[in-house]
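Report on the structure given below.
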Amino acid sequence: DTAVSQTPKYLVTQMGNDKSIKCEQNLGHDTMYWYKQDSKKFLKIMFSYNNKELIINETVPNRFSPKSPDKAHLNLHINSLELGDSAVYFCASSLAFSNYEQYFGPGTRLTVT
Amino acid sequence: GNSVTQMEGPVTLSEEAFLTINCTYTATGYPSLFWYVQYPGEGLQLLLKATKADDKGSNKGFEATYRKETTSFHLEKGSVQVSDSAVYFCALSDAGGTSYGKLTFGQGTILTVHP
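Protein chains in written order, with this note's numbering: chain H, 36 to 148; chain G, 14 to 128.
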C-alpha cells in the first residue's frame with residue numbers, strides 16, 4: 036500500500052487556468068506538508084497542517100490555497116496559473132510536527148504553458 | 014533563520030570510490046538533522062537521521078555524525094555503487110518557535126557513479 040499518494044502525477048495546463056493537486060496519506064499521521072521543488076532541485080516548504088489546522092504558511096502567493104478536509108488529506112488549489120508555477124510539488128506527512136521523520140509522496144510535475 | 018549549506022555538485026565517482034558530501038547548518042534551536050535521497054523520477058526517501066549532538070545516523074552503508082561544535086552533518090560512504098546515483102539532500106527540522114518541525118533543505122547534490 037502506498038503511504039503517501041498524490042494525484043495527478045503530471046499536470047500540463049495553460050496560463051490563467053485553475054488546477055488542484057490531491058494528497059492522501061494512510062499512515063495515521065497528524066501533520067501534512069506541501070513543498071515546491073524548482074528546476075534546480077531546490078526544495079522549499081509552502082504549507083503545513085496539523086490535525087486539519089494550518090500551522091505553516093510561508094511566503095506564497097495567495098493564488099495558492101491549501102485545504103485539509105480531514106487529517107488524511109491535504110489538497111492544493113492554484114488559481115490563475117503562471118509560468119513561474121511550473122515545478123514539482125511534493126506532499127509529505129509526519130507523525131506530529133516536532134522533528135519527526137517526514138514521508139514524501141511521489142510528486143506532481145506541473146507544467147504551465 | 015535556519016539554513017543548510019551543501020557542497021556544490023555534481024559529484025562524479027567511479028564504482029567503489031569513497032564518497033563525502035559536506036553539509037553545514039545554521040539553527041537557532043536544537044535541530045534534528047536528516048539526509049534524504051531522491052532517485053530519478055521519484056519522491057524523497059529518508060536515508061538517515063540524527064536527533065542530538067554526537068549521534069551517528071547510518072543506513073545502507075551511508076553514515077553521518079551530528080557535530081554541534083562544527084555545525085556539520087557530512088554524509089560518507091566507503092564504497093559507492095552505480096545504484097547510489099541520485100540527488101542527496103541535507104535537511105534540518107527545528108520544532109522550536111514557529112518552525113513546527115518544517116524541513117529546511119540544502120540545495121541538493123547530484124551524485125553520478127560510473128561502472
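Glycine included, every Cβ here is placed at the ideal spot set by N, Cα and C. In this text the structure is predicted, and so the values were computed from the model without any measurement.
Cβ-heavy atom distance between residue i and the ligand SAH below 7 Å?
i	result
residue 49(G)	Ligands are entirely absent from the displayed structure, and the ligand SAH is therefore not among its contents.
Output yes if chain G places a C-beta closer than 8 Å to the C-beta of residue i; else output no.
i	result
residue 77(H)	yes
residue 63(H)	no
residue 139(H)	yes
residue 68(H)	yes
residue 56(H)	no
residue 88(H)	no
residue 124(H)	no
residue 99(H)	no
Helix, strand or coil for residue i per DSSP?
i	result
residue 95(H)	coil
residue 118(H)	helix
residue 96(G)	helix
residue 104(G)	strand
residue 15(G)	coil
residue 56(G)	coil
residue 61(H)	coil
residue 148(H)	coil
residue 70(G)	strand
residue 63(G)	strand
residue 129(H)	strand
residue 23(G)	coil
residue 35(G)	coil
Do we get a CB-CB distance below 8 Å when we pair residue i with the residues of chain H?
i	result
residue 31(G)	no
residue 81(G)	no
residue 88(G)	no
residue 55(G)	yes
residue 62(G)	yes
residue 38(G)	no
Report back the beta-carbon spacing between residue i and residue j to the nearest angstrom; my notes put them in contact at under 8 Å.
i	j	result
residue 103(H)	residue 111(H)	No, residue 103(H) and residue 111(H) are not in contact; Cβ-Cβ is about 10 Å, not under 8 Å.
residue 99(G)	residue 47(G)	That belief does not hold up - the Cβ atoms of residue 99(G) and residue 47(G) are roughly 15 Å apart, past 8 Å.
residue 54(H)	residue 46(H)	6 Å
residue 127(H)	residue 67(H)	7 Å
Which stretch, first to last residue, makes up the beta strand (DSSP E) that contains residue i?
i	result
residue 46(G)	45-51
residue 75(G)	75-78
residue 120(G)	Where residue 120(G) is concerned, there is no enclosing beta strand (DSSP E), given that its DSSP letter is neither H nor E.
residue 81(H)	78-85
Suppose the cutoff is 6 Å on Cβ atoms and the five residues either side in sequence are ignored; what does the same chain contact list for residue i look like?
i	result
residue 45(G)	64, 106
residue 92(G)	29
Only counting the same chain, and skipping five residues up and downstream in sequence, which positions put a Cβ closer than 7 Å to that of residue i?
i	result
residue 38(H)	60, 61, 62, 138
residue 20(G)	34, 35, 122
residue 79(G)	46, 63, 65, 66, 67, 68, 86
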